[in-house]
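Line order of the protein sequences matches chains F and G. Positions in the first sequence are counted from 1; adding 1416 to them yields our numbering. Positions in the second sequence are counted from 1; adding 1416 to them yields our numbering. The beta carbon of each residue, even a glycine, is placed where N, CA and C say it ideally should be. These figures come from a predicted structure and were not determined experimentally. Here the structure comes first, spelled out in structure tokens, and everything after it is commentary.
There are 2 protein chains.
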Amino acid sequence: MVNRKRIQKAQDRMKQQGIDAYLILTHDDYIYFFGEDRYQPRAIIPAHGVPIVVTFAGEEAEVKESLGVEDVRIFGSVGQQIKDVVQVMRGMIGDKEKLKIGVQMWFGTPAFLLNMFQRANPIVDVMDIAPVMDVLRMVKDHAEIALMQRAAEIAGIGMETAVKTLRPGITENEVAAEVEYAMRKAGGHGVATPVFVNSGVRSGWLHGTASDKVIETGDLVVLDLVPRYKGYCANLCRTFVIGTPTAKQMDMFETYKSAQAAGIAALRPGRKMRDIDAAAKKVYTENGYGEFYVAGISHSIGLSFEETPAPTIHPGDSGIQISDGMTVTIGHPVLSVPGTGGVRLEDTFHISGSVAKPLTAFPAELELPLGS
Amino acid sequence: MVNRKRIQKAQDRMKQQGIDAYLILTHDDYIYFFGEDRYQPRAIIPAHGVPIVVTFAGEEAEVKESLGVEDVRIFGSVGQQIKDVVQVMRGMIGDKEKLKIGVQMWFGTPAFLLNMFQRANPIVDVMDIAPVMDVLRMVKDHAEIALMQRAAEIAGIGMETAVKTLRPGITENEVAAEVEYAMRKAGGHGVATPVFVNSGVRSGWLHGTASDKVIETGDLVVLDLVPRYKGYCANLCRTFVIGTPTAKQMDMFETYKSAQAAGIAALRPGRKMRDIDAAAKKVYTENGYGEFYVAGISHSIGLSFEETPAPTIHPGDSGIQISDGMTVTIGHPVLSVPGTGGVRLEDTFHISGSVAKPLTAFPAELELPLGS
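Pasting the structure below:
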């Protein structure tokens, strides 16, 4: 169903910013406004008037019904989407010389479509829609928190499965298969990032995935899960050692755990993103790991796995203030020590009043539970 | 491992086209040249000299080792990728006024990164790399066919699981969960498009996904699977009815099956993509479904689910000639009849000499086998 309240808020901000329309090309903002996903999410929210969904002939009746409105205009032809959009833009120009069209500038926007749109449509100036959407999406409403809470529970089910599955001789991909299946069975709708099962030397990687590497005794294994529920994400990361941890592995783990706790303690309305980093870095330094600190321990999360503020992408975001209703993770970068590997713990929090409430819940222990 | 032969071919074509370098921002071409995937695939292939991989500090040693070369340059800082790339470009400029940089213009290229790159780098003119890469990637070598053959087998395992799972009362998402798990267990590395389980009215959709809709007796169910194996895709689609088919459902199914067969018969070196469409459309028309024909029954497939030629995206591709070594699917659009639903059959073929060899293999029957 169209969320008219959110559309109204976006339109108010578009008018303030002098933006004539928002051209939606990504899943996240499509879900934000229309409450459901589509394979090719394309829509136009004009600053004035009704939203326009661009879809295909065979889906017209269904889109009208599921969005619950009659005044959503729908286009038909395959591969003609861009031409249809251009036609709408022409109808909007009136006596203006150019139209200011907002587009999301993030990882999911296809450069291909944006380029076609710009070439076919010389009457538009394209600008980043962030000044409109960041403010809206940064603060989650109750309905959004409920979906993220469910995503967080699904992440917990995935991690429980990982713990039961991990053993010497199994491959990372075999673990990932069980984890994905368990999260799917628990009602999850896929993952926002591939399930990371980073073991051994790969545990030290900043990014990851699961590979055909066999997990061996002594390996550190970093498991990072970002399941989606109705589009919304939660992020849960844990690190385990296969067998008995070495003193060095344990020291790194305890350092990360303390750094994460210091970050959580700093996660209060009025503080800035960089304060969370400062608190965590202090612990690294006190424990002799200062040189390994990678800035950007916290980022916002919601319909995107990583959204504004996201200091590892836009360093300027570290100046953004924490506020009531935000949802952020703490534990984004790995503590990677050459020769030993990496450890990481990440959880998702909801700022509710003056308190940071955890949405994810899973014990943070380096050793696998006995009998697992 | 770096594929030096492919890099040499790309460099030869870049020189012919006057392109100074190819900036890789997508998984498919990264895998094509480097033989493995990365979470953030970023590299530069200059027209002259050695390829440059842009990665992160903690991954440097591993990248050097896994790519098997020392002369791949590697950069360190997080979030500074673009700046690093710009620096490389500056070093390449020599006495030129501008550099011509090729970038892939397809769905996977993030507009966000391309925009940052263009703003930070006024000395470059960005152009579509398609004239270099399409010719290379359109014709598959033996190694690529072997990977696609494996992907096709994994798709077959997925479809077999779907057949065993389908029954009245199960949700589309429950079916998708079992199919994805089976394909993962069989060695698949995720899917290139979400598993479609489109049932009932949703079977008529041009696109799809799996939803929480309960599958009911009488429903047509379109299952579309595009698993990946080491980056390579195969596409297999089948339609089943839950229970006994109606005469209308059976008529649509037989029409689609004949149309696909006519398309396959037209799939010969020297013919054009549009000849496949013409052959299939003729069958629709003879069977009274002419008005429902959606053009673009065939598209190329490989490291991307849909790659050049892809007439539903670029209608001009319908003039491209079929040639030895190409891999294409036949059965892309659904036959959608309002009030009844949709049917579709899609298979993947390898043009080998004068013959179109099927890579996918699964019986095309509308009724579920007894005892399934």
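Check                                                                                                                                                                                            : Outcome
One question on the structure: do asparagine 1537(G) and valine 1502(G) come within less than 8 angstroms of each other, judged by their Cβ atoms?                                               : yes
Express the C-alpha separation of isoleucine 1729(G) and cysteine 1653(G) in angstroms, rounding to a whole number.                                                                              : 20 angstroms
Classify isoleucine 1423(G) as helix, strand or coil using the three-state DSSP reduction.                                                                                                       : helix
Can we say the region 1668 to 1682 of chain G touches the region 1644 to 1653 of chain G, given the rule of at least three CB pairs closer than 8 angstroms?                                     : no
Could you have a look at asparagine 1614(F) and say whether DSSP puts it in helix, strand or coil?                                                                                               : strand
Taking the C-alpha atoms as reference points, what is the distance between threonine 1609(G) and leucine 1639(G)?                                                                                : 12 angstroms
Specify, as a first and last residue, the run of the beta strand (DSSP E) that histidine 1766(F) falls within.                                                                                   : 1763 to 1768
So glycine 1634(G) contacts chain F; which residues on that side make the cut at Cβ distance below 8 angstroms?                                                                                  : Within 8 angstroms Cβ-Cβ: nothing; glycine 1634(G) doesn't reach chain F, min ~18 angstroms.
Answer yes or no: does any C-beta atom of chain G fall closer than 8 angstroms to that of arginine 1600(F)?                                                                                      : yes
Assign methionine 1521(F) to one of two classes, buried (16 or more other C-beta atoms within 10 Å of its C-beta) or exposed (fewer than that).                                                  : buried
What does histidine 1382(G) touch in chain F if you count any residue whose Cβ is under 8 angstroms from its own?                                                                                : Because chain G spans 1417 through 1788 in this model, residue 1382(G) falls outside it and cannot be assessed.
What residue range does the alpha helix (DSSP H) around tyrosine 1709(G) cover?                                                                                                                  : First-last for tyrosine 1709(G): undefined, no H or E at that position.
Scan the region 1568 to 1619 of chain F and note each continuous beta strand (DSSP E) run of 3 residues or more that stays entirely inside, going in chain order.                                : 1612 to 1615
Starting from valine 1466(G), trace the alpha helix (DSSP H) both ways and give me its first and last residue.                                                                                   : Looking at the DSSP string, valine 1466(G) is not in any alpha helix (DSSP H), and its letter there is neither H nor E.
In three-state terms, what does DSSP make of valine 1657(G)?                                                                                                                                     : strand
When we look at the beta-carbon of alanine 1593(F) and count the other beta-carbons within 10 Å, is it buried (16 or more) or exposed?                                                           : buried
Assuming threonine 1683(F) and alanine 1571(F) are in contact, meaning their beta carbons sit under 8 angstroms apart, how far apart are those beta carbons, in whole angstroms?                 : The residue asked about is misnamed: residue 1683(F) is leucine in this sequence, not threonine. Wrong, their Cβ atoms sit about 19 angstroms apart, outside the cutoff.
Any chance you could list the beta strand (DSSP E) runs of at least 3 consecutive residues sitting entirely within the region 1708 to 1741 of chain G, in chain order?                           : 1714 to 1716
So, under 8 angstroms CB-CB, valine 1595(G) and leucine 1782(G) are touching, yes? Tell me the CB distance rounded to an integer number of Å.                                                    : Not a contact, Cβ separation roughly 19 angstroms.
Could you tell me whether the region 1555 to 1568 of chain G touches the region 1576 to 1591 of chain G, where touching means 3 or more Cβ pairs closer than 8 angstroms?                        : no
According to the neighbour-count rule (16 or more other Cβ atoms, all chains shown, within 10 Å of its Cβ), is histidine 1605(G) buried or exposed?                                              : buried
Where do the ends of the beta strand (DSSP E) carrying lysine 1773(G) lie?                                                                                                                       : 1771 to 1774
With a cut-off of 8 angstroms, does the C-beta of leucine 1563(F) fall near any C-beta of chain G?                                                                                               : no
Taking only beta-carbon atoms, is alanine 1559(F) less than 8 angstroms away from chain G?                                                                                                       : no
Can you pull the chain G neighbours of glutamate 1596(F), defined as C-beta to C-beta under 8 angstroms?                                                                                         : Glu1596, Tyr1597 and Arg1600
Can you list, in chain order, the residues of its chain with a C-beta nearer than 6 angstroms to that of phenylalanine 1533(G)? Leave out the 5 residues immediately preceding and following it. : Ile1498
Taking all protein chains shown into account, do 16 or more other C-beta atoms lie within 10 angstroms of the C-beta of serine 1720(G), making it buried, or fewer, making it exposed?           : buried
Using the three-state DSSP reduction, which class does valine 1494(F) fall into: helix, strand or coil?                                                                                          : Annotation note: pLDDT 47 at valine 1494(F) (below 50); position unreliable, no value reported.
With 8 angstroms as the threshold, decide whether the Cβ of methionine 1521(G) is near any Cβ in chain F.                                                                                        : yes
Methionine 1505(F): buried (16+ other C-beta within 10 angstroms of its C-beta) or exposed?                                                                                                      : buried
What separation, rounded to the nearest whole angstrom, lies between the Cα atoms of valine 1494(F) and phenylalanine 1472(F)?                                                                   : Residue placement at valine 1494(F) is poorly supported in this model, since its pLDDT is 47, which falls under 50; the coordinates are not used for a value here.
Just curious, the beta strand (DSSP E) that alanine 1437(G) is in, first and last residue?                                                                                                       : 1437 to 1440
For leucine 1683(F), decide whether its Cβ has a neighbour in chain G, counting only Cβ atoms nearer than 8 angstroms.                                                                           : no
Assuming threonine 1625(G) is part of the alpha helix (DSSP H), what are its boundary residues?                                                                                                  : Here threonine 1625(G) belongs to no alpha helix (DSSP H), and DSSP marks it neither H nor E.
Compare the Cα-Cα distances from leucine 1784(F) to each of Asp1635(F), Leu1515(F), Tyr1446(F) and Met1417(F) and report the closest residue.                                                    : Asp1635(F)
Under the DSSP definition of a beta bridge, which residues are partnered with arginine 1687(F)?                                                                                                  : Its beta-bridge partners do not exist; DSSP assigns none.
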